[in-house]
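One structure below.
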Amino acid sequence: MYARRRHVYFWMMGGCLLLFVGAWAVVRLFSMPVAIGMCVVAMVIPPVAAMVANRRGPEDRWWDDPSGDPKSDEWWDELDGKKRRE
Numbered sequence: 007m008y009a010r011r012r013h014v015y016f017w018m019m020g021g022c023l024l025l026f027v028g029a030w031a032v033v034r035l036f037s038m039p040v041a042i043g044m045c046v047v048a049m050v051i052p053p054v055a056a057m058v059a060n061r062r063g064p065e066d067r068w069w070d071d072p073s074g075d076p077k078s079d080e081w082w083d084e085l086d087g088k089k090r091r092e
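Residue numbers for the sequence shown follow this note's numbering, beginning at 7 and rising by one.
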């Protein structure tokens with residue numbers, strides 16, 4: 007899943023770059039309002055790409071991963087009811 011999200015992110019950012027550069031290198035010579043519209047669309051793409059890249063799916067079990075601190079992991083396991091303190 008991580009590779010797919012990363013590929014989508016890079017495709018979206020590449021499209022953003024293409025829109026921005028194309029707007030000011032070529033399109034502005036023919037139509038300034040279209041070039042500005044392309045830049046507005048390009049401006050919206052980076053935040054959306056970041057949300058797509060950082061989205062966690064139902065198959066991503068990142069909250070179950072141990073943190074590396076045994077005391078903290080024991081505490082969280084006790085709160086989640088995984089281990090009962092005796």
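The beta-carbon is built from N, C-alpha and C at its ideal position, and this holds for glycine as well.
Count the other CB atoms, across all protein chains shown, that sit within 10 Å of the CB of residue 44; report buried if there are 16 or more and exposed otherwise. buried
Just the C-alpha distance for residue 14 and residue 58, rounded to the nearest angstrom, thanks. 8 Å
How about residue 41 and residue 29: do their beta carbons lie closer than 9 Å? yes
Residue ranges of each alpha helix (DSSP H) within the stretch 33 to 85, 4 or longer: 38 to 60
Please determine, among 52, 27, 73, 47, the residue with the shortest C-alpha to C-alpha distance to residue 16. 52
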